[in-house]
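In the UniProt record's numbering, the protein residues as written are 1 to 315. The beta carbon of each residue, even a glycine, is placed where N, CA and C say it ideally should be. Scroll down for the structure; my scribbles are underneath it.
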Amino acid sequence: MTNFFRRCDRLGAPVSSSSAISVRVGSTLVTLSLLTVSAYGQTPDSLRNRDLTEVVVTATRSDSRRELVPQQINVLTRHDIAQTQAFDVTDLVKKLAAVNVIQYPSLSSGVGIRGFRPQFSGLNQRTLLLIDGRPAGATNLSTIGLNNVERVEVLKGPASALYGSQAMGGVINVITRRSRGPIRGNAFAEYGSFQTYQAGGNVGGNLTRRLDFDLSASYFKRAQDYKLGSGNFFRDKLNGDQAVKNYTNKPSETVDDRKDDGLTRPNTKLSYYSGSLRLGYQLGANWRVDVRGRSSSRKTSNRRVTLRTVPRSRA
Numbered sequence: 001m002t003n004f005f006r007r008c009d010r011l012g013a014p015v016s017s018s019s020a021i022s023v024r025v026g027s028t029l030v031t032l033s034l035l036t037v038s039a040y041g042q043t044p045d046s047l048r049n050r051d052l053t054e055v056v057v058t059a060t061r062s063d064s065r066r067e068l069v070p071q072q073i074n075v076l077t078r079h080d081i082a083q084t085q086a087f088d089v090t091d092l093v094k095k096l097a098a099v100n101v102i103q104y105p106s107l108s109s110g111v112g113i114r115g116f117r118p119q120f121s122g123l124n125q126r127t128l129l130l131i132d133g134r135p136a137g138a139t140n141l142s143t144i145g146l147n148n149v150e151r152v153e154v155l156k157g158p159a160s161a162l163y164g165s166q167a168m169g170g171v172i173n174v175i176t177r178r179s180r181g182p183i184r185g186n187a188f189a190e191y192g193s194f195q196t197y198q199a200g201g202n203v204g205g206n207l208t209r210r211l212d213f214d215l216s217a218s219y220f221k222r223a224q225d226y227k228l229g230s231g232n233f234f235r236d237k238l239n240g241d242q243a244v245k246n247y248t249n250k251p252s253e254t255v256d257d258r259k260d261d262g263l264t265r266p267n268t269k270l271s272y273y274s275g276s277l278r279l280g281y282q283l284g285a286n287w288r289v290d291v292r293g294r295s296s297s298r299k300t301s302n303r304r305v306t307l308r309t310v311p312r313s314r315a
């Protein structure tokens, strides 16, 4: 219908002709009207509509059209990332992928899918984390910033036949950028409560006709221990100032729910950085090699943890 009216506006109103035949039956005159509408010989529309089919790779380990994949899969694109105020992959999947997430103050987080317990370390994980299709070795999504992420594919349901026993709950595949063309980049900086600030940026493009790269880095620091809020609107209105603690091997205990109001939590100062680098070289029409490396480090009031990924080539 839209194309028809567009053509009418361009070509003018349809041309029609009419004629009438009158026949007298007794004293009654019957008139038959004949209406003829001419059809257009229309030229092809200069504006073509193209359907860009979304392609996913996590479900079958090959390029597949999303509507042909039998498993449930969420694809979070760069547009989705830009629309959320997420700092890392944990925040992104928690808001948009409807998975079970547990987060700790020291930048540790775990994800659980299909009822499995969220984990961020250990050998018996049930949600597999991939970075560009390769196992990341852990599921601590807080170590992966979003500066250099192109999209995130979240496969829900068992995928052990393709990915092994760690994919019993599902798979999260983080796909990083592969920039081409002129070198472009962006940067951001933010400041908040408790002397919290964060900054980051990314840059990428072609260095030569065959050589391209992507570089990203982000930094987060909270220089002050954070303080819990005082007062709770619903608790105060409903007079629910008592809380009950239930134990497995002893009777439950009733405690004052207001005792932590306004409390400053010790040892919540922290700093964190992450960075990644990719170099790619186009060997030919169908062959290229990419070398990637990632590094992240976090420092809290009582410990320091450094995680690094050894770069390796992939043809």
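- Annotation: I81 is outside any beta strand (DSSP E); the continuous alpha helix (DSSP H) that includes it extends over 78-83.
- With contacts defined by Cβ atoms closer than 9 angstroms, L128 and Y163 form a contacting pair.
- Taking one beta carbon from each stretch, the segment 235-253 and the segment 180-194 have fewer than 3 pairs nearer than 8 angstroms; the two do not touch.
- Under the DSSP assignment, Y191 falls in the beta strand (DSSP E) whose first and last residues are 184-192.
- Taking 9 angstroms as the cut-off, the beta carbon of Y197 is found no closer than this to the beta carbon of K227.
- Only exposed fits I183, as fewer than 16 other CB atoms lie within 10 angstroms of its CB.
- Short of 6 angstroms from the beta carbon of Q195, and not among the five residues preceding or following it, lie these beta carbons of its own chain, in chain order: A223, Q224.
- Counting only residues of its own chain and dropping the five nearest sequence neighbours on each side, N232 has no CB closer than 6 angstroms to any other CB.
- Looking at the DSSP output, I113 shares a beta bridge with no other residue.
- The beta-carbon distance between G185 and G201, rounded to whole angstroms, is 6 angstroms. This is short enough to meet the 8 angstroms contact definition.
- The C-beta separation of G170 from I113 comes to about 4 angstroms, placing the pair in contact by the 8 angstroms criterion.
- Taking the Cα positions, N267 is about 14 angstroms away from R298.
- Between the C-alpha atoms of G157 and R134 there is a straight-line separation of about 19 angstroms.
- If you draw a 10 Å sphere on the C-beta of V255, you find fewer than 16 other C-beta atoms in it, and that means exposed.
- For the pair V111 and L146, the CB atoms are not nearer than the 9 angstroms cut-off.
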